[in-house]
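Student:
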Amino acid sequence: MLKSLRYQLKMSRLSKRHLSSTWFEGSVEDEEDDDEDFHMVEAQDGQMLEDKCATWDVPCLFGLDGINSNNMSEESKVLSVTQIQQLSCSFPARLRLCEWMLAYRTQSHGSSLRTLYRTTNQLDTCMIVLVKDTYGQVFGAVCSAPLRVSSTYYGTGQTFLFSFSPHLQVYKWTGLNSYFIKGSVDSLLFGGGLGQFGLWLHSDLVRGRSQRCETFNNDVLSSEEDFIISELEVWALV
14 MLKSLRYQLK MSRLSKRHLS STWFEGSVED EEDDDEDFHM VEAQDGQMLE DKCATWDVPC
74 LFGLDGINSN NMSEESKVLS VTQIQQLSCS FPARLRLCEW MLAYRTQSHG SSLRTLYRTT
134 NQLDTCMIVL VKDTYGQVFG AVCSAPLRVS STYYGTGQTF LFSFSPHLQV YKWTGLNSYF
194 IKGSVDSLLF GGGLGQFGLW LHSDLVRGRS QRCETFNNDV LSSEEDFIIS ELEVWALV
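Sequential numbering of the sequence shown, starting at 14, is according to our numbering.
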């Protein structure tokens, strides 16, 4: 009950913030940032549009102890605390001490991409998608932008894929293209190029596929290209 109240208070506080009005502002006319990794990029019909985008400017709520059980709204059913600590070391420094707030879990919310969008639509924060498949493999994506329906690819070069197989493997942006994230009512995509997707999730959040893609030059994240999802979680870094 305490965790539920705590979660509601966080949701209320987050809904009052105006991160979306400052975090993703910009247009192709804006002056270029010195660090290209932090440009907002959308692609359509082969044209790359770069928007000025701030760094992952998300407030850190805790001290210098790093990720532990107190930094999480509740326990993950996909990753252990040790794995979460390992994964967080790949984050930009400003995010490593932020709290992980559970925004969506198939076990609790049901397997539906529409439900995922609905439960996360007020959270303008970086997000982490964790997948556990029926082979027992654990993998996912760290997203520099919220998950949403989009007509084009979006996100920044700070988005990356990862897999515990069994040790952590991180696949960061190659710079070959800017196909970071693309959401639709039918699927959720991370990475692409030449018809290959780094991570593809069907709208039923039961079926998925992972292939080597140009965006991240990743290995297949699961033990097989096509996999069945056993558990999926989405966490917001707040």
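Where is the CB? At the ideal position from N, CA and C, for every residue including glycine. Treat the numbers as computed from the prediction; the structure is a model and nothing was measured.
Could you tell me if L234 is buried or exposed, where buried requires 16 or more neighbouring beta carbons within 10 angstroms of its beta carbon?
Tutor: buried
Student: Buried or exposed: which applies to G208, given that a residue is buried once 16 or more other Cβ atoms fall within 10 Å of its Cβ?
Tutor: exposed
Student: Near S163, what residues of its chain come up, given a Cβ to Cβ distance below 8 Å and the 5 sequence neighbours on each side ignored?
Tutor: E55, I194, K195, G196 and S197
Student: Note down the Cα distance separating D199 from R131, rounded to an integer number of angstroms.
Tutor: 14 Å
Student: If you drop the 5 nearest sequence neighbours on each side, which residues of the same chain put their C-beta closer than 7 Å to that of S157?
Tutor: W69, C139, G168, T169, Q171 and T172
Student: Quick check on the burial criterion: 16 or more other C-beta atoms within 10 angstroms. Buried or exposed for T189?
Tutor: Before going further, note that residue 189 is Leu rather than Thr in the sequence given. Per the 10 Å Cβ criterion, exposed.
Student: Which same chain residues end up closer than 8 Å to I97 when comparing Cβ atoms and leaving out the 5 residues on each side of it in sequence?
Tutor: Excluding five sequence positions before and after I97, the CB atoms of its chain that fall closer than 8 Å to its own CB belong to I80, M85, S89 and W113, given in chain order.
Student: Is it the case that the segment 106 to 121 contacts the segment 234 to 248, given that we only count it when at least three CB pairs across the two stretches are under 8 Å?
Tutor: yes
Student: Taking only the alpha-carbon atoms, compute the straight-line gap between A249 and C226 and give it to the nearest angstrom.
Tutor: 25 Å
Student: Taking the beta carbon of D217 as the centre, do at least 16 other beta carbons fall within 10 Å, making it buried, or is it exposed?
Tutor: exposed
Student: Do you know how far the Cα of R107 is from the Cα of L115?
Tutor: 19 Å
Student: Please state whether DSSP places R225 in a helix, a strand or coil.
Tutor: coil
Student: Under three-state DSSP, which class holds H215?
Tutor: H215: strand per DSSP, three-state reduction.
Student: Between F152 and the rest of its own chain, which residues show a CB-CB distance below 6 Å, the 5 nearest in sequence each way excluded?
Tutor: V144, S176 and L234
Student: For a quick check, are the C-beta atoms of F229 and Y166 less than 8 Å apart?
Tutor: no
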